[in-house]
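Enquirer:
Residue numbers (my numbering), protein chains in the order written: chain H, 4 to 337; chain S, 2 to 476.
1) Give a yes or no on whether 9 angstroms exceeds the smallest Cβ distance from residue 201 of chain S to chain H.
2) 9 angstroms is my cut-off, CB to CB: does residue 99 of chain H come that close to chain S?
3) Rounded to the nearest angstrom, what separates residue 270 of chain H and residue 255 of chain H at their Cα positions?
4) Can you confirm whether residue 244 of chain H, when its beta carbon is compared against all beta carbons of chain S, has any partner nearer than 9 angstroms?
5) I need the straight-line Cα distance from residue 462 of chain S to residue 76 of chain S, nearest angstrom please.
6) What do you reckon, are the CB atoms on residue 183 of chain H and residue 298 of chain H nearer than 9 angstroms?
7) Helix, strand or coil, according to DSSP, for residue 231 of chain S in the structure here?
8) Go ahead and pull the three-state DSSP assignment for residue 421 of chain S.
9) Per DSSP, residue 161 of chain S is paired with what?
10) Could you pull the start and end residues of the alpha helix (DSSP H) that residue 314 of chain H belongs to?
11) For residue 73 of chain S, which three-state DSSP category applies?
12) To which residues does DSSP link residue 468 of chain S through a beta bridge?
13) If the cut is a Cβ gap below 8 angstroms, which residues of chain H does residue 429 of chain S touch?
14) Which residues of the stretch 152-168 of chain H have a Cβ closer than 7 angstroms to any Cβ of chain S? Give them in chain order.
15) Where do the N-terminal and C-terminal ends of the alpha helix (DSSP H) with residue 142 of chain H fall, by residue?
16) For residue 403 of chain S, is the classification buried or exposed, using 16 other Cβ atoms within 10 angstroms of its Cβ as the cut-off for buried?
17) Here's the rule I'm using: 16 or more other beta-carbon atoms within 10 Å means buried, otherwise exposed. How should residue 244 of chain S be labelled?
18) By DSSP, does residue 17 of chain S sit in helix, in strand, or in coil?
19) Among H:293, H:272, H:305 and H:29, which has the Cα closest to the Cα of residue 146 of chain H?
20) Cβ of residue 48 of chain S less than 9 angstroms from any chain H Cβ?
21) Pick helix, strand or coil for residue 438 of chain S, following the three-state DSSP scheme.
22) Is the Cβ-Cβ distance between residue 72 of chain H and residue 210 of chain H less than 9 angstroms?
23) In the stretch 324-373 of chain S, which residue ranges form an unbroken beta strand (DSSP E) of at least 3 residues, counting only runs that do not cross its ends?
24) Near residue 21 of chain S, which residues of its chain fall below 6 angstroms by C-beta distance, leaving aside the five closest residues on each side in sequence?
25) Which full runs of the alpha helix (DSSP H) of 4+ residues lie inside the stretch 194-259 of chain H, going along the chain?
26) Of all Cβ atoms in chain S, is any one closer than 9 angstroms to the Cβ of residue 321 of chain H?
27) With a threshold of 8 angstroms, are at least 3 pairs of Cβ atoms found where one atom belongs to the stretch 231-249 of chain S and the other to the stretch 208-222 of chain S?
28) Of the residues H:111, H:244, H:84 and H:275, which one's Cα is nearest the Cα of residue 181 of chain H?
29) Ignore the nearest five residues each way along the sequence and tell me which others in residue 86 of chain H's own chain have a CB closer than 7 angstroms to its CB.
30) Once you ignore the five residues that flank residue 155 of chain S on each side, which residues in its own chain have a CB closer than 7 angstroms to its CB?
31) Please confirm whether residue 248 of chain H and residue 238 of chain H have their CB atoms less than 9 angstroms apart.
32) Have a look at residue 346 of chain S and residue 401 of chain S and give me their C-alpha separation to the nearest angstrom.
33) Suppose the cutoff is 7 angstroms on Cβ atoms and the five residues either side in sequence are ignored; what does the same chain contact list for residue 334 of chain S look like?
34) Look at the Cβ atom of residue 103 of chain H, then the Cβ atom of residue 114 of chain H, and state whether they are nearer than 9 angstroms.
35) Alpha carbon to alpha carbon, what distance is there between residue 202 of chain H and residue 74 of chain H?
36) Secondary structure at residue 462 of chain S, three-state DSSP: helix, strand or coil?
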């Protein structure tokens, strides 16, 4: 298929997944912000919970260019509705719909109609409407739209190259986002050291699990209290947990094995190496290395893999140099 | 404008025409609420499917829906047969004309058309002289606009031989009607149109460079921001071929390739929806970012076929239009089956003074204009507008033609106040390559404003489904 189309499909998958995970990240923040923070000791400058999504997505600088102070309202406006924020839900849904429009021929009409109607609905939301509806309900809507898109894709699309590029995008993004959401716990400081393992700590881990749809699974697997090392095991190493890093890497590797040919062997090797670290990794090693440090390293690896996917499939360099992408219109309709 | 316009549904006495009878009965029987609900449904569906077009001159990125009207335009079998024969004849002659003026120029030598009128035309591409195109076909897709005057007779209003658009609406309108009112199709023999994309692909295969057993076809679009992008994507999908932009193609050794995830892949036939000027920055406009450097060289070398060919604009130019009947006589030794609208060429002094004397009855069009932009509709214009146009004509008479204002036929149409007659035209799409053929139907456009004669979508026009019946008589 056309490299440009593969690029659009890949990013369509990524943007929908990113919209969902931004919603998940905001959801965990929202839940955490409802916990009793007011009990903090005076003068102990620990950050607002709303700084967490900004830090984990690397958007703090962009935020402070638009807003002087950090408030829940500003953070929600920025993360949901701000068109200048590349990770805002609005931006992601628009970009996914634009990509779908650019590759209408490569996807089913149900998929296009799904993304188009998601975008039309999204345009109808402003901050006041979201407040009226309830922030959680709105974030739930975003997640449902993402589920719907995946379902429509899974249920209607030919298992061709186009399908695999969407799946590749979805899981590259999810691997990145799960690692970031997991890392939020590192940034949410507890009121005091004494609180480690206390009630606030417990609720923070619980809301993190919930935001990754892992709470019930955790109960099923461990039938025990929430312990950080088990959360890490569940969301990093278990391959039966659909949002875990191991699961994502399984799917990425499978997809690349379908897509790669002799010329793209290096890409497959890199993915295999990253996969092996998860496949053969041990929780105790991760915890000894440091969960935060482990996640930071993983994010670097997944970014490198993304760059390789880009140069092998999406923006190839052979032939005459491609003309700059143009937004110009030339002919008119009679 | 003295005689009343021809009403497609009713005769002069107000009686329902035979071929509209069962539809009128159905309309009579169906509760207005049901119809209103279906109209809402149609609008929602079109929005959801994303059948929209961009409007120039409005804020960039504006997408609008072309209003769709539920009352079909119905054409009885015998009437269609005459129309079809006339259209096939006309397109045959136009293709012969294009081949001729880029080779022997016999029609110019014979003095049938003044040579300067062709060779001096801005749309005449000197680069195409002597270039061989497969099958001698230039206009693979022709959109011929047809209207009906007061007595019900058909006239050709204009030929569109460059990148005629709108065929996706023909197909989507039918799909919508069948979805909303399946009962209407169950009992009537309405000829299907949905094989158009197959037919288009077949014609494109037929004009591939010689020796290509399994040619690769691609649709070339200016991109997602073009007003007709929906149609480009739609046709590519329906034909099962790639939709490419200029940046997806490159030329090496006079061969065109697409950039794919598996490396370069050769392209043999390009159904291009990009204007001549923008196709190749090395051959035409150097500032074009929509085209493919080296494409014209590959084309000249016969390594790739472009559909439509480069340089077809000279044959659909409004200054050439009055000569089409002579082309038919010259190349085919036949009398034209479809008449032209009588046209005055304002570069001619006598015709100009005739037109200026009756400006209030005339439609004046720019020779190179399209899309209903830059025209004067005499009867609808104010005295000041007519005077302003008179000055423009006198300043550059060769840029204008004038035609009597036709009382375009009307068809009942849903408007705010209920059903009312509105003016319509018809654009059938004629395919050449593997013979000359057309699917039974076309795009019926309707001027939604009362009394308006401008049907262009950019000027507030809507569309209707077009039914060609398999038999005459009551349907």
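Backbone N, C-alpha and C fix where the C-beta goes; we use that ideal spot for every residue, glycine too.
Expert: Quick look at the numbers:
1) no
2) no
3) Taking the straight line from one Cα to the other gives about 11 angstroms.
4) no
5) Rounded to whole angstroms, residue 462 of chain S to residue 76 of chain S spans 21 angstroms at the Cα level.
6) Yes.
7) helix
8) strand
9) S:144
10) Looking at the DSSP string, residue 314 of chain H is not in any alpha helix (DSSP H), and its letter there is neither H nor E.
11) strand
12) S:75
13) Under the 8 angstroms cutoff, chain H gives no residues; its nearest Cβ is about 14 angstroms from residue 429 of chain S.
14) Cβ contacts with chain S: 164.
15) 138-159
16) buried
17) buried
18) strand
19) H:29
20) At least one chain H Cβ lies under 9 angstroms of residue 48 of chain S.
21) strand
22) no
23) 363-367
24) 10 and 75
25) 202-214, 218-225 and 231-235
26) True, the Cβ-Cβ gap to chain S drops below 9 angstroms.
27) yes
28) H:244
29) 93 and 94
30) Counting only Cβ-Cβ distances below 7 angstroms, and skipping sequence neighbours, we find 84, 147, 149 and 339.
31) yes
32) 7 angstroms
33) Scanning its chain for C-beta atoms nearer than 7 angstroms, with the 5 sequence neighbours on each side dropped, one finds no residue around residue 334 of chain S.
34) yes
35) So the two alpha carbons sit approximately 25 angstroms from each other.
36) strand
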